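Take the sequence shown: its position 358, counted from the start at 1, is 358 in full-length UniProt numbering, and no numbers get skipped. Positions of the beta carbon are idealized from the N, C-alpha and C atoms, including for glycine. These numbers come from a predicted model, not from an experiment. Working notes for the structure below.
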Amino acid sequence: MFQAVKALNRKIFENPKVHDNDGKQVSNPSQIQLIIANHFKSKFRDDNIHDVEPYFGQLRKLKSPITEKEVRASINNLNNGRAPGSDTISGEFLKFAPHLTDNKIAKILNQTFERHEDLNINEGLLIALPKPGKPKGPPQNLRPITLLNSIRKVLSTIVLNRIRPKIETYISNSQSGFRPNRSTSDVVWAHRCLSAKILNTPNLQLNITGIDMSAAFDTIDRTLLLKTLREIINEDELRIVQFLLCKTTLDVKINGINTTQLFTTNVGTPQGDSLSPVLFIVYLENALRNARSNETPQQVLPNEIIYADDIDFVGTDPSNINEIETSLKNFRLKVNGDKTEHTELRKDKEDWKLIKKVGSLLGSKEDIDHRKHLSNVALNKLCNIWSRPDKAKQKIRIKLYNSLVKSILLYNCGTWALTTTDEKKLESFQRRQLRRILGIHYQTKITNQSLYKKCSETPLSLQILELRWRLFGHILRRDNSIPANLAMLYYFNENSNRGRGRPTTTLPITLNNDLKRLQNKDVQLTTKEDLHKLQKIASQRQEWIAFTAEIKRTAEAARPDDQASGRQ
């Protein structure tokens with residue numbers, strides 16, 4: 001009965017709309033499967049490249065066998081609610097009985113490498129979904145989603161945990177993507193400090209050339225990747241990675257049915273694999289090292305700000321980008337010319353403030369307006385929930401707001417340069433959103449304090465202040481050679497003079513204004529020496545927590561009473 005009801009209520013998905021080479025829509029399911037398979041085969045297979053061969057070394061065990069503890073840690077890392085691959089084994093199933101699964105999985109994996117056996121875990125199920133905002137029909141407007149076997153995911157996480165410390169020592173500090181304790185905030189913080197220098201220094205110009213690579217993950221030469229890894233990791237780890245990259249196949253799946261269009265892949269790293277992003281940044285680092293080894297490295301690459309495959313060359317002459325592109329092409333990495341941006345930062349120009357870097361605009365005020373717009377769009381998408389409070393409890397509505405709307409509004413808010421007026425406008429904007437989700441409309445009046453209490457909220461300016469100083473301390477504790485710290489040192493360079501008049505509010509000035517509330521002349525942020533003092537405080541985490549708590553307390557004490565009522 002359960003299966004019958006499930007079958008009756010199951011949502012029926014239509015075949016994806018696909019055009020043939022003549023631009024005509026295809027309705028035959030078998031032809032649709034063939035067109036999709038041929039399209040993705042052309043992307044993930046290159047007959048001019050040799051396939052990665054299995055390990056043919058001496059028949060022996062792994063010097064460091066896979067342990068039950070490693071298997072359990074890897075299984076616990078699997079996300080629940082994810083569709084399984086061709087093995088139909090879900091992550092929840094492996095988590096259910098560790099005393100039954102861990103030992104057997106470890107034994108099977110160790111025997112596989114000892115006997116050079118093939119586990120057949122490198123088959124992926126490819127599901128093609130239409131890209132949002134793209135016209136339906138052309139196969140290139142389909143997005144591939146790959147479902148991998150759970151055992152493969154376990155093995156990938158095991159080797160990832162083994163090689164991560166070695167990878168960290170190999171990767172340049174300019175790379176912030178797919179690394180522990182690094183995020184897009186590091187990148188945006190660096191750009192904010194560079195733009196701050198420009199805004200308060202007349203006649204200073206800075207060139208930033210940003211390049212983006214086309215399908216970077218899907219163009220990796222696996223042989224070159226393994227050659228790079230051979231210099232970084234040991235033989236056991238290399239054997240496991242080589243095992244995961246050889247004999248990889250994809251089977252197109254349409255409407256839940258596997259097709260007969262199975263094909264092998266030999267370029268790129270498998271999508272959906274936790275190991276793939278780390279392998280990519282290793283591959284990219286090797287390509288960039290080749291570019292840095294040119295005859296005039298200081299002129300070509302004086303500084304880099306990188307997040308995954310988004311690379312910004314700071315101070316680079318745009319004419320030298322062709323040389324960089326040539327170095328990347330030697331590693332089969334294609335630069336997307338349409339997305340390459342040559343940005344000229346100057347105080348007397350405004351257009352650069354609208355340039356987007358990892359989701360944030362370079363200008364703080366422009367980014368705040370952009371975040372407000374995006375959060376309102378997200379808020380309006382849930383209007384059916386806000387307009388029917390009887391269908392969702394207040395606690396649920398607040399949780400939905402925090403996770404789906406507020407998170408968009410406050411993305412990288414710790415890097416914003418805020419004046420008192422900006423803070424008041426942001427708080428007023430959020431209060432309008434809070435009143436809407438609670439169903440408080442004109443002419444109903446409520447004090448700000450009561451509104452915050454109902455929503456378990458604090459004023460937005462205090463939340464942003466706390467996030468700003470938490471991020472600042474996090475960056476100060478990182479290596480001095482990361483872009484964010486280098487950009488701050490560049491900002492406090494004493495060789496450049498500030499122009500006349502009141503300085504433009506920037507991120508460093510906002511931080512210094514926070515410190516002024518402490519009324520302690522020994523603690524400020526105007527010179528390199530001040531920056532080094534704060535760096536010493538940040539190195540002691542507990543001392544930094546107490547220090548930032550005092551900053552928040554003084555800011556809270558300086559606020560006017562939040563008893564004002566009405567629509568503000």
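Residues of its chain near residue i, where Cβ-Cβ distance is below 6 Å and the 5 sequence neighbours each way are ignored
i    : result
I437 : W386, R397, Y401
A392 : I385
G363 : K353
N266 : R45, I49, D51
R478 : none
N412 : S185, V188, S360
K357 : H191
K136 : K17, P130
Burial state of residue i, where buried means 16 or more other Cβ atoms lie within 10 Å
i           : result
C193        : buried
E123        : buried
T296        : Caution applies to T296, whose pLDDT of 44 falls short of 50 and renders its modelled position unreliable; the model cannot decide the point.
Y442        : exposed
D47         : exposed
E285        : buried
P16         : buried
Q298        : A caution first: Q298 carries a pLDDT of 43, below 50, which makes its placement in the model too unreliable to give a value.
E427        : buried
S64         : exposed
K395        : exposed
A546        : exposed
K253        : buried
F331        : buried
residue 570 : Any question about residue 570 goes unanswered here, given that the chain covers just 1 to 568.
L471        : buried
A196        : buried
H99         : exposed
F96         : exposed
S74         : buried
A538        : buried
R435        : buried
L489        : exposed
D309        : buried
A216        : buried
H532        : exposed
R559        : exposed
Nearest residue (CA-CA) to residue i, options the options
i           : options                : result
T527        : I509, D514, A538       : I509
residue 590 : G268, I198, Y307       : Within the shown structure, residues of the chain are numbered from 1 to 568, placing residue 590 beyond reach of any answer.
L199        : N28, Y170, R346        : R346
E70         : K61, I105, L100, D87   : I105
T340        : F331, N322, K349, N181 : N322
A37         : I211, V18, S176        : V18
Q430        : L476, T447, T249, K372 : K372
I167        : T157, Q58, R179        : R179
D251        : L489, I75, D87, Y491   : D87
N203        : S539, R500, T264       : R500
H39         : F93, E92, P144         : P144
N76         : G91, G85, A83          : G91
Sequence-distant residues of its chain with Cβ nearer than 7 Å to residue i (five each side left out)
i           : result
D20         : V26, I35
residue 569 : The shown model of the chain, from 1 to 568, leaves out residue 569, and the question about it has no answer.
L301        : Here the model assigns L301 a pLDDT of 35, short of 50, so the residue's position is not dependable, and the following value carries that caveat. Closer than 7 Å at the Cβ level, and outside the excluded window around L301, lie A291, R292, F313, T316.
S156        : L244, D273, S274, L275
Q242        : V52, Y55, L226
K552        : L462, L465, E466
Same chain, Cβ closer than 8 Å to residue i, five either side skipped, listed in chain order
i    : result
R60  : E114
I89  : N149, S150, I151
N303 : S174, F313, V314, G315, P483, L486
8 Å Cβ cutoff, residue i in contact with chain C
i    : result
Y283 : Of the protein chains in the structure, only one exists, and it is not chain C.
Q: Evaluate contact between the stretch 224-238 and the stretch 161-171, counting only Cβ atoms and requiring at least three cross-stretch pairs below 8 Å.
A: yes
Q. Is the stretch 414-422 in contact with the stretch 445-455, if contact means three or more CB pairs nearer than 8 Å?
A. no
Q.
With three or more beta-carbon pairs closer than 8 Å as the criterion, would you say the stretch 204-215 touches the stretch 303-323?
A. yes
(Q) If we require 4 or more residues per run, which alpha helix (DSSP H) segments fall completely within the stretch 211-238? (A) 222-229
Q: Assess, as a yes-or-no matter, whether the stretch 324-332 is touched by the stretch 372-379 under the definition of 3 or more beta carbon pairs within less than 8 Å.
A: no
**Q.** Any 3 or more C-beta pairs closer than 8 Å across the stretch 278-292 and the stretch 163-181
**A.** yes
Q) Are the stretch 123-132 and the stretch 146-158 touching by the rule of at least three beta carbon pairs closer than 8 Å? A) yes
Q. Is there contact here, the stretch 410-419 with the stretch 463-477, by at least three beta-carbon pairs under 8 Å?
A. yes
**Q.** Complete runs of the beta strand (DSSP E) confined to the stretch 318-391 [at least 3 residues]
**A.** 341-346
Q.
So, does the stretch 474-488 touch the stretch 175-188, judging by three or more C-beta pairs under 8 Å?
A. yes
(Q) Just to confirm the assignment: which complete beta strand (DSSP E) runs, minimum length 3, are found wholly within the stretch 132-201? (A) 142-147
Q) What are the complete alpha helix (DSSP H) segments, minimum 4 residues, inside the stretch 398-452? A) 420-438
**Q.** Runs of alpha helix (DSSP H) lying entirely within the stretch 458-529, each at least 4 residues, in chain order
**A.** 460-476, 483-491, 507-516
Q: Mind listing, in chain order, the continuous alpha helix (DSSP H) runs of no fewer than 4 residues lying wholly within the stretch 8-76?
A: 29-44, 68-76
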